[in-house]
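Numbering (our numbering), first residue to last: -13 to 539.
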């Protein structure tokens, strides 16, 4: 170890010791805290000076910082300098780049999806294009991370990309990087005559303006008699955006959420006049509806302003705040719980004793009853219960496996080559039986590492019977297992409907972007159909929002 490196490490350790001393003083000479700080400093010094291989003390300290919050809750985290760009993308939905998703295919990286209207889209890059060169450098063998780092950059800078299209033509384009904004509202349209539909996917910075523009456009098109707000799988984001969105539907000055921390409480009220104060609303939720999206859904339910449809929401009633730590690092920490208008907090998991290893779901005995503005019963401690409960959509693991392995997209590439210039109806498109037969042929000799739940259960039963010396049962399980057909060809027929849906979505994506996929799914969406029905039935809508209690859990 060089002398300068050794001095740097010792200086760092000395600095930590000084911090420890200051912290101890601030904590009224807490002996336990001081002892552990000293242990940390000593451990840092010994590892830096004595470990068999050279190690980076900066990395040691980053690991210590991350470990410091690891047993608090999943939302309190240390954000390193390297992680700040990802954090910015999560909170703003924006980054500097060319606006394309990519994936690995063999030795090459290919375009998985260009965002509509971005530099990559305007330049004519399409799904399936193979990236051959970036700024004159051969891209064969590049990882997706390497390609991504070369395509991203400061807005206004340029990058030259050569691609091979699916029709075997080459194209070289010079792309001017821009501030790419991923839409928080990827689709707004009509679910049925007079019934508007808005898909809201996250609560990034500025999503209120997107929501308001979507609402205004539907109003301008005329005949808006009801509106569906789709918050399924919306993981939340900025709470203040939720308050602004609620201002479109409830009176100015309405208290919609309250945050309570260790030492402070803050009430959030709507600050503008509503643009749709009386329009019937339906809100779609599921088990991945969380945080800010639960504030919107829960407040509209508590104020008897909407009918909620779907499955119980995730149950995240915690508020995070960011604190700068210097050197372009940040601490995101939980500072409060939020409470919606009825007074309930929908947090489903108790992290208060997490450091003792006793994290648990809020038990039924601690679930409390609250009332909406109209006196309907609602409950805390376990997410938001919908007014109309539906079963979650079945998702085939087999179809998901085909997609994850890239087989769906690879077939989509082949389909596109065979149908150059094809135009489709986004709502009604579906591949034919002959197309599916082509897909089955395409899958010949493709290895799919899929095992059905039934086969896995049978294996477990057979092993248990063997361990318990139940020879006859073991033999029976073996016979059933031998009869079980879950090979790839059989599964392609068993799960044909789900596989066809996946292929249809891939092809629609190539013609209509993400918005097209959403529009394509609307006619067959059971929860959207349920929402349309209740919005058209004014008597049932009134009964639910004035009289119907929700289930306890």
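Note that the Cβ used here is the ideal one computed from N, Cα and C, for glycine as well.
With a cutoff of 9 Å on beta-carbon distance, residue 182 and residue 174 are scored as near each other.
When DSSP states are grouped into helix, strand and coil, residue 224 belongs to the coil group.
Note that the C-beta distance between residue 188 and residue 222 is below 9 Å.
The beta-carbon separation of residue 436 and residue 384, rounded to 5 Å, stays under the 8 Å limit for a contact. Annotation: residue 279 to residue 369 spans about 11 Å, alpha carbon to alpha carbon. For the pair of segments examined, the segment 64 to 72 was found to touch the segment 307 to 316: the number of CB pairs separated by less than 8 Å reaches three. At a Cβ-Cβ threshold of 9 Å, residue 55 and residue 319 count as neighbours. Annotation for residue 287: the continuous alpha helix (DSSP H) segment containing it runs 278 to 288. Looking at the DSSP output, residue 200 shares a beta bridge with no other residue. In the structure shown, residue 422 adopts helical secondary structure according to DSSP, grouped into three states. The DSSP assignment places no complete run of the alpha helix (DSSP H) inside the segment 29 to 53 (cut-off: 4 residues). Between residue 163 and residue 139 the beta-carbon gap is near 5 Å, inside 8 Å, which marks them as a contact. By the C-beta criterion, the segment 516 to 534 is judged to be in contact with the segment 371 to 379, since at least 3 inter-stretch pairs fall below 8 Å.
Listed as beta-bridge partners of residue 17 by DSSP are no residues whatsoever. Distance between residue 377 and residue 57, taken at the CA atoms: about 34 Å. Secondary structure at residue 152: coil, using DSSP grouped into helix, strand and coil.
Rounded to whole angstroms, the gap between the alpha carbons of residue 51 and residue 134 is 28 Å.
In the three-state reduction of the DSSP assignment, residue 239 falls in the coil class, being assigned neither a helical nor a strand state.
Leaving aside the five residues that flank residue 281 on each side, the residues in its chain whose CB is nearer than 6 Å to its CB run, in chain order, 228 and 243. Spatial neighbours of residue 220 in its own chain (CB-CB distance under 7 Å, excluding positions within 5 residues in sequence) are listed in chain order as 186, 187, 188, 275 and 279.
When secondary structure is reduced to three states using DSSP, residue 323 falls in the strand class.
Using a C-beta cut-off of 8 Å, the segment 96 to 113 makes no contact with the segment 476 to 483, since fewer than three inter-stretch Cβ pairs fall below that distance.
Taking each of 455, 434, 513 and 380 in turn and checking the Cα distance to residue 487, the smallest one comes out for 380.
Sequence-distant Cβ neighbours of residue 352 in its own chain, meaning closer than 7 Å and more than five residues away, are 367. Between the segment 258 to 265 and the segment 232 to 246, the count of C-beta pairs closer than 8 Å reaches three or more; the two stretches touch.
Looking only at 360, 247, 215 and 118, the smallest Cα-Cα distance to residue 536 is reached by 360. Residues of the same chain with a CB within less than 6 Å of the CB of residue 136, apart from the 5 flanking positions on each side, are 120 in chain order.
Within the segment 347 to 417, the complete alpha helix (DSSP H) segments of 4 residues or longer fall at 383 to 390 and 393 to 404, listed in chain order.
In the three-state scheme derived from DSSP, where H, G and I count as helix and E and B as strand, residue 269 is classed as strand.
Looking from the CA of residue 491, the closest CA among 503, 497 and 499 belongs to 503.
If you draw a straight line from the Cα of residue 335 to the Cα of residue 300, it comes to about 10 Å. In this structure, residue 429 lies away from residue 470, with their beta-carbon atoms at least 9 Å apart.
For residue 500, the uninterrupted alpha helix (DSSP H) run begins and ends at 482 to 507, by DSSP.
The three-state secondary structure of residue 510, taken from DSSP, is helix.
Collapsing the DSSP output to three states places residue 100 in a strand.
Shortest Cα-Cα distance from residue 156 to any of 168, 115 and 36 involves 115.
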